[in-house]
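Asker:
Number of protein chains: 2
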Amino acid sequence: MSRTTVSHVLSGNRPVAPATRTRVEQVIDELSYRPNGLARSLRIQRTHTVALIIPDITNPFYPMVARGLDDALGVRYRTLICNTDADREQERAFAADVSDRKADGMVIVAFQVEARDLADILELGMPLVSIGDRIDDPRVDLVLPDDEHGAFEVTRYLLSAGHVRIGFVWEPDGPGQHRLEGYRRALREVGIPYDEKLTALGGWNRPGGHAAMARLLEASDPPSAVFCANDLMAIGAIAAARAVGRRIPEEVAIVGYDDIDAAAMVSPELTTVANPAYEAGQAAGRFLLDRITGSYTGERRTLMLRPGLVKRRSA
Amino acid sequence: MSRTTVSHVLSGNRPVAPATRTRVEQVIDELSYRPNGLARSLRIQRTHTVALIIPDITNPFYPMVARGLDDALGVRYRTLICNTDADREQERAFAADVSDRKADGMVIVAFQVEARDLADILELGMPLVSIGDRIDDPRVDLVLPDDEHGAFEVTRYLLSAGHVRIGFVWEPDGPGQHRLEGYRRALREVGIPYDEKLTALGGWNRPGGHAAMARLLEASDPPSAVFCANDLMAIGAIAAARAVGRRIPEEVAIVGYDDIDAAAMVSPELTTVANPAYEAGQAAGRFLLDRITGSYTGERRTLMLRPGLVKRRSA
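Chains as they are written, first to last, in our numbering: chain A, 107 to 421; chain B, 107 to 421.
This is how it looks when you write it as structure tokens:
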């Protein structure tokens, strides 16, 4: 029995004579005698391991995803964490590693590689769920926090409070475009034309939000409310407004997006949109389990998650 | 060849005839032909997997530990996350699961089970590192953030600013006792007697810190500075001081512990102690790698990590 033959039996990629297959399976069965979990995994072709590929576990969004996933998978499964630092080479390397480890499934968040980079994993039949990105392959289930809707809701909230000149601090990457689109749709619905002069780039961080807000407030006709596309930028914007003596929300209302822990701790407490990170992880876990156990074998599934408005003091 | 024989070869627990051993090893070798990572792991007895057992990945301390561990282990290793919610039964179940999976090593943080609950894992020879807890077994390496020292330093900082009546908001579980001891040592060194009336319990959270601060400020001779044993309590304490019109730090100085993200975002920005979570994870990873690769085979190692004072605006 050659190594290649064993490999074919294990992978199922090539036809193998029934007698040979039986012998190999018998050995695998022998090897799988408890308590060796590895050998058992080899026999049942199930590792009870799911890989979670994310940019960085220290960014507060991802621990919530990880916890939702873990809770949905239940006690028999463990999650393998892969931090890619948003590096495409790292992402490719992890995908290969996960395929080699025979994880039972994989969840990818903020993945930049294209469907063809996932071909090896998809060929193996490994269930795959993407959170946030519309991976262009019918075998990948999708869980999509509805950023466009969240941005629409928070902009509509500002409009309903009587604001007409509403600024927007954002960045074009990541969820930026969807949040811009929600902002524009809310304005469009009430007939307010989109004015690029009311927008500024804010780098997704506090210093960037601070600088963007300072620029918007320097204008001769500054906005009376500003929607920042994430909470860090909004917290920077609050500091910038304070620095030029503007009272919040009386003189300028400020809202953020994500509802990070700090949003409830800053002064004034930040009105924002709760990004459903935990729910996204949980939904991804349920999709995966359905695929792993075979209880669902149909077409790709897509779940849109609606973010909720969190009203506090800043607007 | 019986299942039991295969099991004995795999476990190495019982003597097996050389010829039998050779045959089993040959089959394992055949099975380990790439690309099956499971079979290879079975042959080399290495899974390149390390388990991290923590209370909850969504508590900001643990993602930093996880990232430090991951970075120290390097790209060949992956971390399996186990959230115990500080439940002892869960901790025991995870320890058994990790042993069954043949992880190459295990890192435990804030583990409540006793050394005897880890006996199975230690018998297997699996390397084990404890962060924060002095697990009483000579086979467990220890990484200990020096809470007593951090508390001593921040109290000494308040003393050096001229404060004499220094309050302490704390809780007796977790790192509480070590932080109390650091506070008491700093007072003792300058001859100030410990006064229990200047202490209050704060539940490790914002509402608890708020209530504790309110009680301390109601006294006829309130403290001029308050050390809160974590940042959440300190952020609650800031709100409580504000609510009764006290200016910070002019009328009451407030310091925290941990340096969570929000500490730099609240107003006034919080002076605190940076808990070396990333460094602890990194050190644990280095200890484990040394054991896994056999480059260190000596006595248990203990590393104390010194937390650093972070001076901002609140004191």
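Cβ coordinates follow ideal geometry from the N, Cα and C atoms, glycine included.
Because the structure is a prediction, the values reported are computed rather than measured.
I'd like to check one pair, residue 399(B) with residue 337(B): are the Cβ atoms closer than 8 Å?
Answerer: Counting from 1 along the second sequence, the entry for residue 337(B) is found at position 231. Counting from 1 along the second sequence, the entry for residue 399(B) is found at position 293. Not in contact: residue 337(B) and residue 399(B) (Cβ atoms no closer than 8 Å).
Asker: Below 9 Å between beta carbons is the criterion; list the residues of the segment 158-171 of chain A that meet it against any residue of chain B, in chain order.
Answerer: Taking 9 Å as the Cβ-Cβ cut-off against chain B, the residues of the segment 158-171 of chain A that qualify are 158, 162, 163, 164, 165, 166, 168, 169 and 170.
Asker: Could you check which residue in 207(A), 391(A) and 291(A) has the C-alpha nearest to that of residue 226(A)?
Answerer: The residue you call residue 226(A) lines up with position 120 of the first sequence. If we check each option's Cα against that of residue 226(A), 207(A) comes out closest.
Asker: Counting pairs of beta carbons, one from the segment 284-291 of chain A and one from the segment 391-410 of chain A, are three or more of them closer than 8 Å?
Answerer: No: the two stretches stay apart, fewer than three of their Cβ pairs being nearer than 8 Å.
Asker: Can you tell me whether residue 195(B) is buried or exposed, with buried defined as 16 or more other CB within 10 angstroms of its CB?
Answerer: As a first step, residue 195(B) is located in the second sequence; it is residue number 89 there, counting from the start. Per the 10 Å Cβ criterion, exposed.
Asker: Does residue 173(B) get closer than 8 Å to chain A when you measure Cβ to Cβ?
Answerer: Mapped onto the second sequence, residue 173(B) falls at position 67. At least one chain A Cβ lies under 8 Å of residue 173(B).
Asker: Exposed or buried, residue 362(B), counting other C-beta atoms within 10 Å across all chains shown (16 or more means buried)?
Answerer: Working through the second sequence from its first residue, we reach residue 362(B) at position 256. Flag for residue 362(B) reads buried.
Asker: Tell me, which residues are paired with residue 187(B) by DSSP?
Answerer: On the second sequence, residue 187(B) is found 81 positions in, with the first residue counted as 1. The partner list for residue 187(B) (beta bridge, DSSP) reads 185(A) and 158(B).
Asker: In whole angstroms, what is the alpha-carbon distance linking residue 263(B) and residue 240(B)?
Answerer: On the second sequence, position 157 is the one that residue 263(B) refers to. On the second sequence, position 134 is the one that residue 240(B) refers to. In a straight line, the C-alpha of residue 263(B) is about 28 Å away from that of residue 240(B).
Asker: Counting C-beta neighbours from all protein chains within 10 Å, is the total for residue 417(A) 16 or more, i.e. buried, or is it exposed?
Answerer: Counting from one through the first sequence, the residue named residue 417(A) turns up at place 311. Residue 417(A) comes out exposed.
Asker: So residue 371(B) contacts chain A; which residues on that side make the cut at Cβ distance below 8 Å?
Answerer: Along the second sequence, one-based indexing puts residue 371(B) at 265. Within chain A, the residues near residue 371(B) are 312, 341, 368, 371 and 372.
Asker: At 3 residues or longer, and completely inside the segment 237-315 of chain A: list those beta strand (DSSP E) runs for me, N to C.
Answerer: With a minimum length of 3 residues, the continuous beta strand (DSSP E) runs that stay inside the segment 237-315 of chain A are 246-251, 272-276 and 305-307.
Asker: May I ask you to verify whether the segment 261-280 of chain B touches the segment 241-251 of chain B, counting CB pairs closer than 8 Å and requiring at least 3?
Answerer: Cβ pair count under 8 Å is below three, so no.
Asker: Name the residues in the segment 184-202 of chain A whose C-beta lies less than 9 Å from a C-beta of chain B; which are they?
Answerer: So the close ones are 184, 185, 186, 187, 188, 189, 196, 199 and 200.
Asker: Quick check on the burial criterion: 16 or more other C-beta atoms within 10 angstroms. Buried or exposed for residue 277(B)?
Answerer: Residue 277(B) sits at position 171 when you count from the first residue of the second sequence. When all chains shown are included, residue 277(B) counts as buried.
Asker: Going by DSSP in three states, residue 360(A) sits in which element: helix, strand or coil?
Answerer: Walking along the first sequence from the start, residue 360(A) turns up at place 254. It is a strand residue.
Asker: Measuring straight from C-alpha to C-alpha, what distance separates residue 408(B) and residue 257(B)?
Answerer: The sequence position of residue 408(B) within the second sequence is 302, counting from 1. The sequence position of residue 257(B) within the second sequence is 151, counting from 1. Straight-line Cα distance between these residues: approximately 20 Å.
Asker: Can you name the residues of chain A whose CB is closer than 7 Å to the CB of residue 361(B)?
Answerer: Here residue 361(B) corresponds to residue number 255 of the second sequence, with the count starting at 1. Those do not exist, as residue 361(B) stays about 16 Å from chain A at its closest Cβ, beyond 7 Å.
Asker: Could you pull the start and end residues of the alpha helix (DSSP H) that residue 225(B) belongs to?
Answerer: For the purposes of this step, residue 225(B) is identified with residue 119 of the second sequence, where counting begins at 1. Residue 225(B) -> alpha helix (DSSP H) spans 225-229.
Asker: What residue range does the alpha helix (DSSP H) around residue 232(A) cover?
Answerer: Looking up residue 232(A) in the first sequence gives position 126. Residue 232(A) -> no alpha helix (DSSP H), and no H or E assigned at all.
Asker: Which residue wins for smallest C-alpha separation from residue 393(A), given the options 152(A), 123(A) and 156(A)?
Answerer: Counting from one through the first sequence, the residue named residue 393(A) turns up at place 287. Taking only the C-alpha atoms, the option nearest residue 393(A) is 156(A).
Asker: Quick check on DSSP: helix, strand or coil for residue 378(A)?
Answerer: On the first sequence, residue 378(A) is found 272 positions in, with the first residue counted as 1. Strand, per DSSP.
Asker: Can you list, in chain order, the residues of its chain with a C-beta nearer than 6 Å to that of residue 410(B)? Leave out the 5 residues immediately preceding and following it.
Answerer: What you label residue 410(B) is simply residue 304 of the second sequence in a count that begins at 1. Once the five neighbours on either side are set aside, the close Cβ partners of residue 410(B) are 250 and 252.
Asker: For residue 331(A), which residues does DSSP report across the bridge?
Answerer: For this step, residue 331(A) is matched to residue 225 along the first sequence. Looking at the DSSP assignment, residue 331(A) forms a beta bridge with 272(A) and 359(A).
Asker: Could you tell me which residues DSSP pairs with residue 219(A) in its beta bridges?
Answerer: The residue given as residue 219(A) occupies position 113 in the first sequence. In DSSP, residue 219(A) forms no bridge with anything.
Asker: Counting only Cβ pairs nearer than 9 Å, list the residues of chain A close to residue 181(B).
Answerer: Indexing the second sequence from 1 puts residue 181(B) at position 75. Per Cβ cutoff of 9 Å: 196, 199, 200 and 203.
Asker: Give the DSSP bridge partners of residue 387(B), in chain order.
Answerer: Looking up residue 387(B) in the second sequence gives position 281. Answer is none; residue 387(B) lacks a bridge partner.
Asker: Around the Cβ of residue 326(A), are there at least 16 other Cβ atoms within 10 angstroms (buried) or fewer (exposed)?
Answerer: Counted from its first residue, the first sequence places residue 326(A) at position 220. Counting Cβ neighbours within 10 Å, residue 326(A) comes out exposed, since fewer than 16 surround it.
Asker: Applying a beta-carbon distance threshold of less than 8 Å, which residues of chain A neighbour residue 210(B)?
Answerer: The residue labelled residue 210(B) in the question sits at position 104 within the second sequence. None at all; the shortest Cβ gap to chain A is about 12 Å.
Asker: Between 292(B), 300(B), 311(B) and 373(B), which lies nearest to residue 355(B) when the distance is taken from Cα to Cα?
Answerer: Counting from 1 along the second sequence, the entry for residue 355(B) is found at position 249. Nearest of 292(B), 300(B), 311(B) and 373(B) to residue 355(B), Cα basis: 373(B).
Asker: My guess is that residue 344(B) and residue 420(B) are in contact by the Cβ rule of under 8 Å, so how many angstroms apart are they, rounded?
Answerer: To locate residue 344(B), count along the second sequence from 1; it is residue 238. To locate residue 420(B), count along the second sequence from 1; it is residue 314. Residue 344(B) to residue 420(B), Cβ: 7 Å. Contact.
Asker: Quick check: the Cα distance between residue 236(B) and residue 334(B), rounded to an integer number of angstroms?
Answerer: In the second sequence, counting from the first residue as 1, residue 236(B) sits at position 130. In the second sequence, counting from the first residue as 1, residue 334(B) sits at position 228. Cα-Cα distance, rounded: 26 Å.
Asker: Note down, in chain order, every chain B residue with its Cβ under 9 Å from the Cβ of residue 106(A).
Answerer: The first residue shown for chain A is 107 and the last is 421, placing residue 106(A) beyond what the model contains.
Asker: May I ask you to list the residues that DSSP assigns as paired with residue 214(A)?
Answerer: Here residue 214(A) refers to the residue found at position 108 when the first sequence is read from its first residue. Residue 214(A) is bridged to 159(A) and 236(A).
Asker: Find the nearest neighbour of residue 234(A) within the set 213(A), 192(A) and 168(A), judged by alpha-carbon distance.
Answerer: Here residue 234(A) corresponds to residue number 128 of the first sequence, with the count starting at 1. Residue 234(A) has its Cα closest to that of 213(A), out of 213(A), 192(A) and 168(A).
Asker: Give me, in chain order, the residues of the same chain whose beta-carbon lies closer than 8 Å to that of residue 219(B); leave out the 5 immediate sequence neighbours on both sides.
Answerer: Taking the second sequence and counting its residues from 1, one reaches residue 219(B) at position 113. Result list for residue 219(B): 194, 197, 198 and 201, in chain order.
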